[in-house]
Every structure is written in structure tokens, then in C-alpha cells.
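If you're matching positions, the sequence shown starts at 10 in the numbering used here and goes up one per residue.
The beta carbon of each residue, even a glycine, is placed where N, CA and C say it ideally should be.
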Amino acid sequence: MDLLLALPAPAKLNLFLHVLGRRADGYHELQT
């Protein structure tokens, strides 16, 4: 028996997000 569960997932889509590189603390430098 297949079960399909569809839930709304509101999210902001940023088409102009650029990953510039990784910082020393492990996080990434971002530019929008």
C-alpha cells in the first residue's frame, strides 16, 4: 500500500545567492 503525503512547505527562494567561500570557523561567506 503506497501512501502519499503532501504538505505545504513555504520557503523563500533566493535566486541571487552566491557562496563566496568557507570561513575559518567552518561557515560559508554568502552574498545576496
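Distance CB(residue i)-CB(residue j) smaller than 8 Å
{"i": "LEU26", "j": "LEU39", "result": "yes"}
Which residues DSSP lists as bridging residue i, in chain order
{"i": "GLY30", "result": "GLU38"}
Close-in-space but distant-in-sequence residues of the same chain around residue i (CB under 7 Å, 5 per side omitted)
{"i": "LEU13", "result": "none"}
Neighbourhood of residue i by C-beta distance below 8 Å, restricted to the same chain and skipping five residues each side
{"i": "ASN23", "result": "THR41"}
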